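Going by our numbering, the sequence shown opens with residue 20, and the numbers climb by one from there.
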Amino acid sequence: MSNEKSPGSDAIRVQDIKYVKKDISPILANFINMSVRQGLYPDELKCALIRPIYKQGSHLDYGNYRPIAILSIVNKITEKIIVRQISNFLDKHNIISDCQHGFRQGRSTSTALKQFTDYVNNCLDERKQVVALFVDFKKAFDTLGHDQLLQAMEECGIRGPLNNWLKSYLSNRSMQTVISGTRGSEANIRYGVPTGSVYGPVGYIMHVNSLSNVIENCKMFMYADDTCLLYAHKDLQIIQKCIQKDLENIIKWSHDNGIIINMTKTKCMHICSPYNKPKLNSLRVVGHSYDCLHSKCSADSIHMDTSIIACNCADIEFVEKFKYLGLTIDQNMSWKTHINNVCAKLRSALGKMYHLRGVVNRATLYSVYYALADSILSYGLSSYGCTFQTYLDQINSLQIRCMKLLVDKKTKKACHGEYNKLYSLCKMLPVQDKVKALIVLEEFSSEEFKNPLTHVIETRNVRNKKLIVPKVCNYYGSRTRKYLVPKILNNLPNEIRNGSFSKNVFKLKINNYLLANQNNVL
Numbered sequence: 020m021s022n023e024k025s026p027g028s029d030a031i032r033v034q035d036i037k038y039v040k041k042d043i044s045p046i047l048a049n050f051i052n053m054s055v056r057q058g059l060y061p062d063e064l065k066c067a068l069i070r071p072i073y074k075q076g077s078h079l080d081y082g083n084y085r086p087i088a089i090l091s092i093v094n095k096i097t098e099k100i101i102v103r104q105i106s107n108f109l110d111k112h113n114i115i116s117d118c119q120h121g122f123r124q125g126r127s128t129s130t131a132l133k134q135f136t137d138y139v140n141n142c143l144d145e146r147k148q149v150v151a152l153f154v155d156f157k158k159a160f161d162t163l164g165h166d167q168l169l170q171a172m173e174e175c176g177i178r179g180p181l182n183n184w185l186k187s188y189l190s191n192r193s194m195q196t197v198i199s200g201t202r203g204s205e206a207n208i209r210y211g212v213p214t215g216s217v218y219g220p221v222g223y224i225m226h227v228n229s230l231s232n233v234i235e236n237c238k239m240f241m242y243a244d245d246t247c248l249l250y251a252h253k254d255l256q257i258i259q260k261c262i263q264k265d266l267e268n269i270i271k272w273s274h275d276n277g278i279i280i281n282m283t284k285t286k287c288m289h290i291c292s293p294y295n296k297p298k299l300n301s302l303r304v305v306g307h308s309y310d311c312l313h314s315k316c317s318a319d320s321i322h323m324d325t326s327i328i329a330c331n332c333a334d335i336e337f338v339e340k341f342k343y344l345g346l347t348i349d350q351n352m353s354w355k356t357h358i359n360n361v362c363a364k365l366r367s368a369l370g371k372m373y374h375l376r377g378v379v380n381r382a383t384l385y386s387v388y389y390a391l392a393d394s395i396l397s398y399g400l401s402s403y404g405c406t407f408q409t410y411l412d413q414i415n416s417l418q419i420r421c422m423k424l425l426v427d428k429k430t431k432k433a434c435h436g437e438y439n440k441l442y443s444l445c446k447m448l449p450v451q452d453k454v455k456a457l458i459v460l461e462e463f464s465s466e467e468f469k470n471p472l473t474h475v476i477e478t479r480n481v482r483n484k485k486l487i488v489p490k491v492c493n494y495y496g497s498r499t500r501k502y503l504v505p506k507i508l509n510n511l512p513n514e515i516r517n518g519s520f521s522k523n524v525f526k527l528k529i530n531n532y533l534l535a536n537q538n539n540v541l
């Protein structure tokens, strides 16, 4: 645990615990074991100090602040021990739905984005139309009912003494808001999990785990409370019917599980190739309220005509672009808007580096580059980087401008007119090569796309263990993993492609090869 963590209501700091860790470890172990066996958790550890973090909008609206809970250090240690065992149990028995990427070992926003973009590109390669529904849950972590949360954990296999312990952990919680050192009055908490707690995220993904069971038609991607549904077909009417049905199922599920859908922030997007766009698009998805759906179900049960029931529910807005897990997705999957956003941030970082170059040393300037520039262009690069070369050239030119600031004047002058040499001198990969390296590294442990060529005659490609590169219909197909992974690996030397390396060694060899061969193409 970091020493920078703020102390909770008991004023005990992390470093205080670390100073006496040899003496206090047996006491803490005994306390945790007794607490779980008896199913009791002390009320003294349940008080949270709330520091409101401003998000956006009016400063006078308390709904525009994120309530971060600062908990006792002893509470956090206890939570870490309990949550680690719960997570191991969930992973061992594959209890959490495969579509959930949040707060799971080996999963992240990158894995969710990778699967999302690959699925869409495969559908567009088959000349299908795709509709994406981005569902927004309002205050998801703050509205969970404790009884429903405990029931969801029991369904996931968390029963007996541990379920009793979690019931005690969630009950009788209190909080005090702290602003500029001033504490507000203590208030009881009857709903939700503490934002900032170790248990909160794991408890939430167990709570929403049953959501995947009500989805009948769509492909679903989840990262905690960020939920996206995708349905692909050549007939738009079929798409509309299937999306509408699954949205209604989510509305009913949310009502039963105490979660509120924010219909104004829930959006739809029609994704299609610009060359396969329908002339008339009459897609309509209605965000029915639960009462409206209940009325229709009641009418249907007594064989009434549901079409005569008045409905004032608003349509879900169709948008041309949407920011999903940090990447701006457009309706043609061209990534032009997102790359423009990345370039704007890189220009801002470039300006900061320009002003710092005469103040800090070169090592510090490298750190600034990796913190402000490389981190921005690297996030989600394996997803948005499979776009047109002309778009990536914009990032490439900004990379070169950054590297001009990282080298001395003599080196810069020696590379005049051939600034691509700076990549080798700075030991950095151009954005085009970073895409290749990221894709093959992400699929390092997977054998899904690595099918070796077979032939009756032992040809050169068979002898060199080249992989099958499938045929694709359009440029969307050339952005899929099934096409890119074997093609990139086939362009690598035999000793790298067929060698038995660890992932770190494989990464090093690929980076060295790409630095020495920057003219290769995907």
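The beta-carbon is built from N, C-alpha and C at its ideal position, and this holds for glycine as well. Quantities reported herein were computed from a predicted structural model and do not represent experimental measurements.
- Of Lys455, Leu312 and Ala368, the smallest CA-CA separation from Ser401 is found for Lys455.
- For the 8 Å CB-CB criterion, Ile234 and Asn268 form a contact.
- In the DSSP annotation of this structure, the continuous segment of the alpha helix (DSSP H) that includes Lys186 starts and ends at Gly179 to Leu189.
- Around Val459, the same chain offers Val504, Ile507, Leu508 and Ile529 as residues with beta carbons nearer than 7 Å, after the five sequence neighbours per side are excluded.
- The three-state secondary structure of Phe108, taken from DSSP, is helix.
- If the five residues before and after Asn415 are omitted, its C-beta is found closer than 8 Å to the C-beta atoms of Pro449, Val450 and Gln451, all from its own chain and listed in chain order.
- Secondary structure at Lys469: coil, using DSSP grouped into helix, strand and coil.
- In the structure shown, the three-state DSSP call for Lys74 is coil.
- Taking 8 Å as the upper bound for CB-CB distance, Cys261 and Phe153 are not in contact here, some 16 Å apart.
- Using a Cβ distance threshold of 8 Å, Gln148 and Ala251 count as a contacting pair.
- Using a C-beta cut-off of 8 Å, the stretch 66 to 79 makes no contact with the stretch 43 to 50, since fewer than three inter-stretch Cβ pairs fall below that distance.
- Here the alpha carbon of Gly222 sits roughly 19 Å from the alpha carbon of Thr128.
- Nearest in C-alpha terms to Ala243, of all of Asp254, Lys264, Cys492 and Gly219, is Gly219.
- With a threshold of 16 other beta carbon atoms within 10 Å, Met20 falls short and is exposed.
- Shown here, Gly215 sits in coil according to DSSP, grouped into three states, outside any helix or strand.
- A direct Cα-Cα distance of roughly 10 Å separates Gln418 from Asp412.
- Residue pairing by DSSP places Pro86 opposite Pro71 in a beta bridge.
- Rounded to whole angstroms, the Cβ separation of Leu391 and Lys371 is 6 Å, and the two are in contact under 8 Å.
- Inter-residue distance for Ile105 and Glu23 is about 27 Å (C-alpha atoms, whole angstroms).
- Ile257 and Asn300 have their C-alpha atoms roughly 13 Å apart.
- Straight-line measurement puts the Cα of Asn228 at about 23 Å from the Cα of Cys287.
- Between the stretch 168 to 179 and the stretch 107 to 116 there are three or more inter-stretch CB-CB distances shorter than 8 Å, so the stretches are counted as touching.
- Here Asn281 really is in contact with Phe156; their C-beta atoms are around 7 Å apart, less than 8 Å.
- In the DSSP assignment, Val149 falls within the beta strand (DSSP E) that extends over Gln148 to Val154.
- For the 8 Å CB-CB criterion, Thr162 and Gly82 do not form a contact.
- Secondary structure at Lys284: coil, using DSSP grouped into helix, strand and coil.
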